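To keep things clear, I will list the structure first and then write my remarks on it.
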Amino acid sequence: MNIDRHGRRFRKLRLSLTAACNFACTYCVADGRRLVAARDELTAQAMLSAVRLLKNVAGINALRITGGEPLLSDRLEPFLLGLDTLGLGDISLTTNGQLLTRKLPLLVRAGVRRLNVSLDTLNPDTFGHIARGGDLNSILLGLEQARKAGIAIKINMVPMQDLNLDQVLPMLQFCLEQGYELRFIELMRMGHLAENPRAFRNRYVGHGELLDLVKKRFEFVPVGAPKDSTALRYKVGDLGTFGIIANESAPFCRSCNRLRLSSTGWLYGCLSSNRGHYIGDLLQQPENHTNSQLEKLLAYALADKQETEFTGSALIMKSVGG
Ligand code: SAM
Ligand code: SF4
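The sequence shown begins at 1 in full-length UniProt numbering and counts up one residue at a time.
Below is the structure:
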């Protein structure tokens with residue numbers, strides 16, 4: 001088992017089920033074109049083998065399925081149903097919610113109890129401008145159905161200057177009323193934003209500015225979060241809680257235990273590093289041959305982690321799963 005000098009080890013795996021997406025969010029995709037699946041994406045069976053190996057060799061105990069848009073992929077069903085035998089304690093999924101109404105029965109059947117749904121605004125025009133695809137009403141309907149099915153929901157919102165800052169208070173109000181936990185995600189210097197610092201700076205909103213905005217309508221106090229949590233959490237009286245994932249202004253690199261696997265079989269130890277470590281070929285071999293090779297690749301991936309702060313990278317979120 002690999003542990004680094006800060007005591008960090010991999011515990012949480014984010015798996016990108018596909019690089020394809022039915023949206024083209026401005027902060028994720030440079031050119032507004034919807035994303036297609038990468039060539040040579042792993043089969044559902046190979047992804048299941050990867051999860052099993054990473055559980056056994058790295059000690060992964062939590063899985064988040066993401067993408068691209070995971071609900072788009074025809075791997076979703078065989079993958080989810082195959083997870084049953086792996087005995088992972090914690091399985092969750094991040095989605096843009098567009099296909100939620102259609103895929104909810106499958107998610108419920110497969111035992112998914114936690115969903116993160118990305119939603120940056122309740123204003124249909126702004127929604128169209130940011131997501132460049134999809135339909136806001138379908139997402140809201142999917143959210144309502146998922147809530148009624150007993151699924152715990154977090155909403156991911158990326159606040160951006162001159163785009164959706166006016167939505168911070170309405171979004172929080174809406175989430176508190178519906179019983180969703182809102183997570184503000186600070187804009188990250190990934191992909192095209194890493195290559196264009198001015199575009200990044202023009203849109204970025206920090207933790208302090210967000211809290212000042214929330215104070216205009218709500219009283220809140222900080223609440224504790226697990227040591228390895230990425231979010232700073234706040235309680236709004238008896239109404240509920242919200243969080244801020246302050247990648248830039250309060251980095252959590254020192255306690256980061258995340259490992260990412262792309263849909264094409266590359267492991268990434270850190271979002272600030274472009275370096276991938278290919279495990280696709282290991283998945284074809286008998287397990288007793290693969291463990292020591294995988295240990296070595298995991299050690300490289302762990303060494304890729306930043307010491308203190310997130311520095312951004314040219315990696316595109318849709319291929320490493322955000
Ligand atoms: N398509 C799904 C979705 O949008 O929820 C899953 C994949 S998406 C890459 C995962 C998360 O990454 C989303 O919540 C999205 O808002 C976030 N994300 C993508 N690009 C980002 C960026 N440059 N800065 C901050 N968050 C970003
Ligand atoms: Fe697609 Fe999610 Fe990226 Fe938006 S953030 S383009 S929904 S992968």
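For glycine and all other residues, C-beta sits at the position ideal for the given N, C-alpha and C.
Predicted model, so just to flag it, every value in this text is computed and none were measured.
By the Cβ neighbour-count rule, Glu-307 is exposed, with fewer than 16 other Cβ atoms within 10 Å of its own. When Cβ pairs closer than 8 Å are counted between the two stretches, the stretch 60-74 is seen to touch the stretch 96-108, the count reaching three or more.
Taken atom to atom, the span from the alpha-carbon of Arg-132 to that of Ser-292 is near 44 Å. Across the structure, Val-117 and Ile-245 are spaced so that their CA atoms are roughly 15 Å apart. With contacts defined by Cβ atoms closer than 9 Å, Thr-43 and Arg-75 form a contacting pair.
The C-alpha of Leu-267 is placed about 30 Å away from the C-alpha of Arg-198. When DSSP states are grouped into helix, strand and coil, Ala-20 belongs to the coil group. Non-local beta-carbon contacts of Ile-130 in its own chain, meaning distances under 7 Å to residues more than five positions away in sequence, involve Cys-25, Thr-26, Asp-120, Thr-121, Leu-163 and Asn-164 in chain order.
Chain order is used for the residues whose beta-carbon lies nearer than 6 Å to a heavy atom of ligand 2, namely Cys-21, Phe-23, Ala-24, Cys-25, Cys-28, Val-29, Gly-67, Gly-68, Glu-69, Asn-96, Ser-118, Met-317 and Lys-318.
Counting only the Cα atoms, Tyr-234 lies some 20 Å from Leu-115. Inter-residue distance for Val-112 and Ile-91 is about 6 Å (C-alpha atoms, whole angstroms). Where Met-157 is concerned, the enclosing beta strand (DSSP E) starts and stops at 152-157. Remark: the shortest separation between the CB of Met-47 and any heavy atom of ligand 1 does not fall under 8 Å. In terms of Cβ geometry, Leu-15 and Arg-260 form a close pair [threshold 9 Å]. For Tyr-180, the closest C-alpha among the options Ser-263, Pro-159, Ala-37 and Gly-150 is that of Gly-150.
The beta strand (DSSP E) runs lying completely inside the stretch 50-121 and spanning 3 residues or more are 62-66, 90-95 and 114-118, given in chain order.
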